[in-house]
Amino acid sequence: SSLVDAEGWRGQMPAFERAGAVIGEQRFGGATPPIAIHNGVHDSNAALHAYRRQQLGPVTVVSTGTWVVVLNPDCPL
1282 SSLVDAEGWR GQMPAFERAG AVIGEQRFGG ATPPIAIHNG VHDSNAALHA
1332 YRRQQLGPVT VVSTGTWVVV LNPDCPL
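Residue numbers (the working numbering): 1282 to 1358.
Below you can see the structure in the form of structure tokens.
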């Protein structure tokens, strides 16, 4: 995001990967073979992506739960 770039945080974050990509593996409780760890997507981001793919025009997603998250890709920070 422009905020991440403006604050110089980009180098402190992992590289982007597609949702579902295997990003590592871990052994839990001696499990053999190791269990694959898959990258995920946050539910609010997934909702925004679904609406944008429909190409219906400008959209704002308001997600409520533990946090209130407002996503509008056309609104500058």
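Using N, Cα and C, we set each Cβ at its ideal position, and we do this for glycine too.
Determine the burial state of residue i: buried for a count of at least 16 other Cβ atoms within 10 Å of its Cβ, exposed for fewer.
{"i": "L1337", "result": "exposed"}
{"i": "L1329", "result": "buried"}
Rounding to the nearest angstrom, what Cα-Cα distance links residue i and residue j in this structure?
{"i": "A1317", "j": "G1301", "result": "11 Å"}
{"i": "M1294", "j": "D1286", "result": "11 Å"}
{"i": "G1311", "j": "R1299", "result": "28 Å"}
{"i": "G1305", "j": "G1321", "result": "13 Å"}
{"i": "R1334", "j": "V1303", "result": "24 Å"}
{"i": "L1358", "j": "R1291", "result": "16 Å"}
What span of residues does the alpha helix (DSSP H) with residue i cover, start to end?
{"i": "L1284", "result": "1283 to 1288"}
What are the start and end residues of the beta strand (DSSP E) that includes residue i?
{"i": "L1358", "result": "Careful: L1358 lies outside any beta strand (DSSP E) and carries neither H nor E."}
Alpha helix (DSSP H) segments (min. 4 residues) lying fully within the segment 1303 to 1344: 1324 to 1334
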